[in-house]
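In terms of my numbering, the sequence shown opens at residue 12 and continues consecutively.
Everything on this sheet refers to the single structure shown next.
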Amino acid sequence: MNGMKETVLGIGLLFAILFSSCAAQPPNLYSTLWVQTAAEYRAEALETYSAAASRLDAALADPSWTAALEQTGGYSGLPPAVILDIDETVLDNAPFQGRLLLDNAPFDPVRWDAWVAMEKAEAIPGALAFVKAAIQRDIAVFYITNRACAVGDGNNPCPQEAQTIRNLRRLGFPDVSPDRMLLKREKQEWGSEKENRRAAAAADHRILMLIGDDLGDFLPGVKNGIGPDQRKDLVDRHRDRWGRMWFILPNPIYGSWERALTEPKMGHVRGF
Ligand SMILES: [Mg+2]
């Protein structure tokens, strides 16, 4: 009788362990695996960058062409530039996500800073060829990134700027310099919203293209206090820009799309 009780308890415990390990499956497992293992991801990145490169000459030839909503005034005589985001656009941080998964750890800004300081990120497929194609045409390349400068450290004002520049140079990216890399908090008024940094680049350059992985790399006001449907409406409102002057890379792991989802997340799932 006692033995049977123990067996029943044992089976119950086994189910409890199995069930909890299923329930605890990390939310980023499949998205990280897709980025790291799917040939489809690689093909999509190459496709995006090759489509962008194929539009550079048309963009250069048309003096009325500008990709930045922040571009105002007489811009047709300004030198041309393109604006790229860094993370998941030019540099691949999937190994950082992979480390978190292997350690069963949540996102941690201290661990993120340590990853950036390693300068070990590899390039997103197609990014280097695109940047070289732009530089060959004397198009300036701006990087607008939410990698951040520390506030108020006068002696070493922006370690992540130096780290990111070294990482890009190691990968062979040409003409990478501090004045073309605009980080969050590099100026007091530069927050995670990229609008005023796009405006800063557009003040003395004609912006031919925007390339990013997040709607915030193209449009202001898409990160907070906005729902998924409103974000899709904004995409449609600028329908003629996508694939012509705005190019977006897939990022299923994280992004402002996630922040637009109120809890419970399951409430956003649509069935038939
Ligand atoms: Mg990004």
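Every residue gets a Cβ at the ideal spot worked out from N, C-alpha and C, and that includes glycine.
Helix, strand or coil for tryptophan 257? Go by DSSP, reduced to three states.
The sequence position of residue 257 within the sequence shown is 246, counting from 1. Of the three classes helix, strand and coil, the one that applies to tryptophan 257 here is strand, per DSSP.
Boundaries of the beta strand (DSSP E) in which asparagine 157 is found, first to last residue
Here the question's residue 157 lines up with position 146 in the sequence shown. That run of the beta strand (DSSP E) goes 151-159.
Grouping DSSP H, G and I as helix and E and B as strand, with all else coil, what is isoleucine 176?
The residue given as residue 176 occupies position 165 in the sequence shown. Isoleucine 176 falls in the helix class under three-state DSSP.
Checking 8 Å against the spacing of the C-beta atoms, do isoleucine 150 and leucine 219 come in under that value?
Counting from one through the sequence shown, the residue named residue 150 turns up at place 139. Counting from one through the sequence shown, the residue named residue 219 turns up at place 208. Yes, the Cβ-Cβ distance between isoleucine 150 and leucine 219 is below 8 Å.
Three-way DSSP call (helix, strand, coil) for glutamate 55 in this model
By 1-based counting over the sequence shown, the position of residue 55 is 44. DSSP places glutamate 55 in helix when its eight states are reduced to three.
Measuring straight from C-alpha to C-alpha, what distance separates valine 56 and proline 168?
For the purposes of this step, residue 56 is taken as residue 45 along the sequence shown, with counting starting at 1. For the purposes of this step, residue 168 is taken as residue 157 along the sequence shown, with counting starting at 1. Looking at the sequence provided, one finds alanine at residue 56 rather than valine. C-alpha separation (whole angstroms): 33 Å.
Assign glutamate 206 to one of three DSSP states: helix, strand, or coil.
Translated into the one-based positions of the sequence shown, residue 206 becomes position 195. Helix at glutamate 206.
In terms of DSSP beta bridges, what is glutamate 133 paired with?
Along the sequence shown, one-based indexing puts residue 133 at 122. Glutamate 133 is bridged to Asp103.
Would a C-beta distance cut-off of 8 Å place tyrosine 52 and proline 261 closer than the cut-off?
One-based indexing of the sequence shown puts residue 52 at position 41. One-based indexing of the sequence shown puts residue 261 at position 250. Using a Cβ distance threshold of 8 Å, tyrosine 52 and proline 261 count as a contacting pair.
Under the three-state reduction of DSSP, which class applies to glycine 223: helix, strand or coil?
Within the sequence shown, numbered from 1, the residue matching residue 223 stands at position 212. DSSP places glycine 223 in strand when its eight states are reduced to three.
Might you give, ordered along the chain, the residues of its own chain that have their beta carbon closer than 7 Å to the beta carbon of cysteine 33, omitting 5 neighbours on each side?
As a first step, residue 33 must be located in the sequence shown, where it is residue number 22. Confidence in cysteine 33 is poor, its pLDDT being 49 and thus under 50, which makes the residue's placement unreliable; the coordinate value appears in the next sentence. The answer is none, since no qualifying residue turns up.
Considering only DSSP beta bridges, list what alanine 92 is partnered with.
Position 81 of the sequence shown holds residue 92. Under DSSP, alanine 92 shares a beta bridge with Ala151 and Ile218.
Helix, strand or coil for methionine 12 per DSSP?
Reading the sequence shown from its first residue, position 1 is the one you call residue 12. For methionine 12, the predicted model reports a pLDDT of 47, less than 50, meaning its position is unreliable; a value from the coordinates is still stated below. Here methionine 12 sits in coil by DSSP.
Under a Cβ-count criterion, where at least 16 other Cβ atoms within 10 Å of its own Cβ denotes burial, should tryptophan 201 be classed as buried or exposed?
Along the sequence shown, one-based indexing puts residue 201 at 190. Buried: at least 16 other Cβ atoms inside 10 Å.
Could you tell me how far apart the beta carbons of phenylalanine 184 and isoleucine 222 are, in whole angstroms, since I believe they sit closer than 8 Å?
For the purposes of this step, residue 184 is taken as residue 173 along the sequence shown, with counting starting at 1. For the purposes of this step, residue 222 is taken as residue 211 along the sequence shown, with counting starting at 1. Taking 8 Å as the upper bound for CB-CB distance, phenylalanine 184 and isoleucine 222 are not in contact here, some 14 Å apart.
Buried or exposed by the 16-neighbour rule on C-beta atoms within 10 Å, applied to tryptophan 76
Position 65 of the sequence shown holds residue 76. When all chains shown are included, tryptophan 76 counts as buried.
Grab the span of the alpha helix (DSSP H) containing leucine 71 for me, first residue to last.
Stepping through the sequence shown from its first residue, residue 71 is reached at position 60. Unbroken alpha helix (DSSP H) run through leucine 71: 67-72.
Less than 8 Å separating the beta-carbons of aspartate 96 and aspartate 224?
Here residue 96 corresponds to residue number 85 of the sequence shown, with the count starting at 1. Here residue 224 corresponds to residue number 213 of the sequence shown, with the count starting at 1. In this structure, aspartate 96 sits near aspartate 224, with a CB-CB distance shorter than 8 Å.
Taking C-alpha atoms, which residue in Arg217, Thr100 and Ala116 lies nearest to tyrosine 86?
The residue you call residue 86 lines up with position 75 of the sequence shown. By alpha-carbon distance to tyrosine 86, the top candidate from Arg217, Thr100 and Ala116 is Arg217.
Lysine 195 by DSSP, collapsed to three states: which one?
In the sequence shown, counting from the first residue as 1, residue 195 sits at position 184. Secondary structure of lysine 195 (DSSP, three-state): strand.
The alpha helix (DSSP H) that contains lysine 243, what's its start and end?
In the sequence shown, residue 243 corresponds to position 232, counting from 1. Run containing lysine 243: 239-248, per the alpha helix (DSSP H) assignment.
Below 8 Å on the Cβ atoms is my guess for alanine 70 versus valine 101; work out the distance and round it to an integer in Å.
In the sequence shown, residue 70 corresponds to position 59, counting from 1. In the sequence shown, residue 101 corresponds to position 90, counting from 1. Not confirmed; about 19 Å, so no contact.
So, with DSSP's three-state summary, where would you put aspartate 98?
Start at 1 with the first residue of the sequence shown, and residue 98 comes out as number 87. It is a strand residue.
Let me know if asparagine 39 comes out buried or exposed under the rule of 16 or more other beta-carbons within 10 Å of its beta-carbon.
The residue you call residue 39 lines up with position 28 of the sequence shown. Buried, by the Cβ-count rule.
Tell me, please, whether the stretch 110-118 touches the stretch 235-242 by the rule of three or more beta-carbon pairs shorter than 8 Å.
At 8 Å Cβ cutoff, the stretches do not touch.
According to the neighbour-count rule (16 or more other Cβ atoms, all chains shown, within 10 Å of its Cβ), is phenylalanine 30 buried or exposed?
The residue you call residue 30 lines up with position 19 of the sequence shown. Only weak support exists for where phenylalanine 30 lies, its pLDDT of 48 falling under 50; the coordinates are left without a value.
Assign glutamate 172 to one of two classes, buried (16 or more other C-beta atoms within 10 Å of its C-beta) or exposed (fewer than that).
For this step, residue 172 is matched to residue 161 along the sequence shown. When all chains shown are included, glutamate 172 counts as buried.
In angstroms with no decimal places, state the Cα-to-Cα distance between alanine 132 and aspartate 244.
The residue labelled residue 132 in the question sits at position 121 within the sequence shown. The residue labelled residue 244 in the question sits at position 233 within the sequence shown. Those two C-alpha atoms are separated by around 34 Å.
Keeping to the same chain, check which residues put their C-beta closer than 8 Å to that of leucine 230; ignore five residues upstream and five downstream.
Within the sequence shown, numbered from 1, the residue matching residue 230 stands at position 219. Answer for leucine 230: Leu80, Leu245 and His249, listed in chain order.
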